[in-house]
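Sequential numbering of the sequence shown, starting at 16, is according to our numbering. In this text, a Cβ means the ideal position worked out from N, Cα and C, and glycines have one as well. Here's the structure, in structure tokens; my notes come after.
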Amino acid sequence: MSGIIDFHTHAFPDSIAGKVVQNLSSYYGAEITNSGTLGELLRQKDAAGIGCCVVHTAATKPEQV
């Protein structure tokens with residue numbers, strides 16, 4: 016395992032990831048090129064040779080805070 020740790024990642028449940036990614040992309044005006052799922056995060060981590068990730072939660076609505 017690599018000693019590289021990505022300390023800032025986000026992943027969302029498969030059932031809502033598409034909607035969350037679309038909303039975040041619109042809100043920040045940024046192109047997001049992945050699905051936002053944990054499975055994709057883990058595939059990208061492995062492909063980049065990263066040993067592990069710290070996954071942060073993100074509120075997508077004020078009532079989630």
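Item: His71: which of Gln59, Gly51 and Glu78 sits nearest, CA to CA?; Value: Gly51
Item: Which class does Val35 belong to by DSSP, given the choice of helix, strand or coil?; Value: helix
Item: Just to confirm, is the Cβ distance from Asp29 to Cys68 under 9 angstroms?; Value: no
Item: For Ala32, is the classification buried or exposed, using 16 other Cβ atoms within 10 angstroms of its Cβ as the cut-off for buried?; Value: buried
Item: How would you write the range of the beta strand (DSSP E) that Thr52 sits in, first residue to last?; Value: Counting along the chain, Thr52 falls outside any beta strand (DSSP E), and DSSP gives it neither H nor E.
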